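Each residue of the sequence shown is one higher than the one before, counting from 194 in my numbering.
The block underneath contains the structure these notes are about, expressed in structure tokens.
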Amino acid sequence: MYSAIAANKRNTVIIMAAFLLVISGLGLLAGYALNEGWSLTLMVIIIAAVYVGIEYFAAGKLAITMNGAREIQKKDCPTLWNVIENITITEGMPMPKVYVIEDPAPNAFATGRNPKHAMIAATTGLLEIMDKREMEAVMAHEMGHVKNYDILVATIAFGLASAISVICDVAWRIMIYGGKGGDSKNAMVTYIIGLVAVILAPLIAVMIQLAISRQREYLADASSALTTRDSDGMISALEKLRDNAKPMQRQNTSTAHLFTVNPLKPKGFMSKLFSTHPPIEERIARLKQNSARM
């Protein structure tokens with residue numbers, strides 16, 4: 194677990210650095226297209242660096258807001274609150290802020306930058322179908338994300354992936370409306386390079402999310418089993434999530450990787466290929482295989 198925590202902290206730095214490199218490249222391209230040289234590139238780098246700093250502190254709250262979660266207190270949902278509180282006591286962790294999402298699709302997610310600033314949200318659909326044992330397993334899974342610092346990596350990946358999409362759109366508009374007009378050959382080359390960058394940058398962002406999301410779900414499942422000493426509870430919860438699976442009403446691709454199971458509507462082979470979650474059957478199989486060691 195300690196090696197996973199260290200790896201997640203390293204991955205956060207790597208993702209931030211990769212973001213700055215991608216944005217710097219787009220800034221350099223835009224500067225060339227507008228005959229602005231390094232001045233525009235430097236400005237883009239400064240803005241990107243400031244954004245990374247803001248994202249570190251604000252991305253978690255943004256993820257909560259985008260999914261329509263409302264913060265609750267113990268009196269609002271004592272069962273959910275008590276389950277999470279008991280897990281934090283067992284693990285010696287701070288109590289996270291607790292949220293509920295009004296959505297019939299059973300799901301949950303954790304976000305934030307560290308255990309002291311963690312947030313956990315559960316849908317009303319999850320609260321309706323899970324018994325206490327299964328609820329403990331799912332919340333231990335989410336607290337596993339918190340303990341392993343998965344939430345830091347996932348939250349930063351969400352924020353920067355969203356930013357890359359917006360910046361690519363802006364960069365492309367600059368190419369179209371502000372490119373070189375005197376040299377048609379250079380302008381054409383610039384547009385081609387710009388088009389490639391605009392296509393590849395979001396794809397890179399998605400691949401980063403895939404790389405960090407699938408393995409972290411297996412790790413969080415294992416963390417749940419270790420915390421509760423009950424692999425069967427997590428297996429039962431996953432089986433219910435599989436049998437009651439439905440897309441959430443709010444479809445946010447940029448936050449999909451945060452959830453316990455994929456919250457998006459499946460769209461055929463490509464959606465499975467680029468899914469941020471491993472198949473539930475594989476997660477169940479791993480838990481069964483490792484149950485003797487839990």
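Beta carbons: idealized from backbone N, C-alpha and C, even for Gly.
Small disclaimer: the values here were computed from a predicted structure and weren't measured.
Evaluate residue i with the Cβ neighbour count: other Cβ atoms within 10 Å of its Cβ, from every protein chain shown; 16 or more gives buried, anything less gives exposed.
{"i": "residue 256", "result": "buried"}
{"i": "residue 210", "result": "exposed"}
{"i": "residue 452", "result": "buried"}
{"i": "residue 420", "result": "buried"}
{"i": "residue 276", "result": "buried"}
{"i": "residue 250", "result": "exposed"}
{"i": "residue 409", "result": "buried"}
{"i": "residue 215", "result": "buried"}
{"i": "residue 283", "result": "exposed"}
{"i": "residue 207", "result": "exposed"}
{"i": "residue 243", "result": "exposed"}
{"i": "residue 258", "result": "exposed"}
Residue i: beta carbon under 6 Å from a heavy atom of the ligand GTP?
{"i": "residue 265", "result": "Of ligands this structure carries none, so the ligand GTP is not represented either."}
By how many angstroms is the C-alpha of residue j removed from the C-alpha of residue i?
{"i": "residue 472", "j": "residue 268", "result": "36 Å"}
{"i": "residue 336", "j": "residue 247", "result": "24 Å"}
{"i": "residue 493", "j": "residue 221", "result": "Residue numbering for the chain in the displayed model covers 194 to 487; residue 493 lies beyond these limits and cannot be assessed."}
{"i": "residue 278", "j": "residue 288", "result": "6 Å"}
{"i": "residue 218", "j": "residue 306", "result": "27 Å"}
{"i": "residue 373", "j": "residue 476", "result": "Here residue 373 scores only 49 on pLDDT, less than 50, and its place in the model is too uncertain to base an answer on."}
{"i": "residue 447", "j": "residue 338", "result": "18 Å"}
{"i": "residue 340", "j": "residue 280", "result": "11 Å"}
{"i": "residue 333", "j": "residue 474", "result": "19 Å"}
{"i": "residue 253", "j": "residue 343", "result": "12 Å"}
{"i": "residue 240", "j": "residue 318", "result": "40 Å"}
{"i": "residue 435", "j": "residue 413", "result": "17 Å"}
{"i": "residue 481", "j": "residue 427", "result": "10 Å"}
{"i": "residue 311", "j": "residue 231", "result": "40 Å"}
{"i": "residue 411", "j": "residue 346", "result": "15 Å"}
{"i": "residue 304", "j": "residue 203", "result": "18 Å"}
{"i": "residue 245", "j": "residue 349", "result": "8 Å"}
If you drop the 5 nearest sequence neighbours on each side, which residues of the same chain put their C-beta closer than 6 Å to that of residue i?
{"i": "residue 439", "result": "298"}
{"i": "residue 286", "result": "308"}
{"i": "residue 430", "result": "327, 330, 331"}
{"i": "residue 442", "result": "296"}
{"i": "residue 314", "result": "262, 292, 294, 302"}
{"i": "residue 422", "result": "none"}
Ordered along the chain, which non-local residues of its own chain (more than five positions away) have a Cβ less than 7 Å from that of residue i?
{"i": "residue 449", "result": "455, 456, 457, 469"}
{"i": "residue 437", "result": "299, 322"}
Using C-beta distances below 8 Å, list every residue in its chain close to residue i, excluding the 5 sequence neighbours before and after it, in chain order.
{"i": "residue 433", "result": "299, 322, 323, 327"}
{"i": "residue 274", "result": "265, 266, 267, 291"}
{"i": "residue 444", "result": "456, 457, 458"}
{"i": "residue 261", "result": "294, 295, 296, 443"}
{"i": "residue 483", "result": "415, 418, 424"}
{"i": "residue 320", "result": "270, 272, 273, 293, 328"}
TODO: Kindly confirm or deny that the segment 232-246 and the segment 325-343 touch, where touching means at least three C-beta pairs closer than 8 Å.
DONE: no
- [ ] Kindly confirm or deny that the segment 266-282 and the segment 290-297 touch, where touching means at least three C-beta pairs closer than 8 Å.
- [x] yes
TODO: Output the residue ranges of the alpha helix (DSSP H) runs that lie fully inside the segment 418-454 and measure 4 residues or longer, sorted by chain position.
DONE: 424-436
Task: Complete runs of the beta strand (DSSP E) confined to the segment 227-268 [at least 3 residues] - done: 262-264
Open item on the list: In chain order, what are the residue ranges of uninterrupted alpha helix (DSSP H) at least 4 long that sit wholly in the segment 275-335?
Closed with: 317-322
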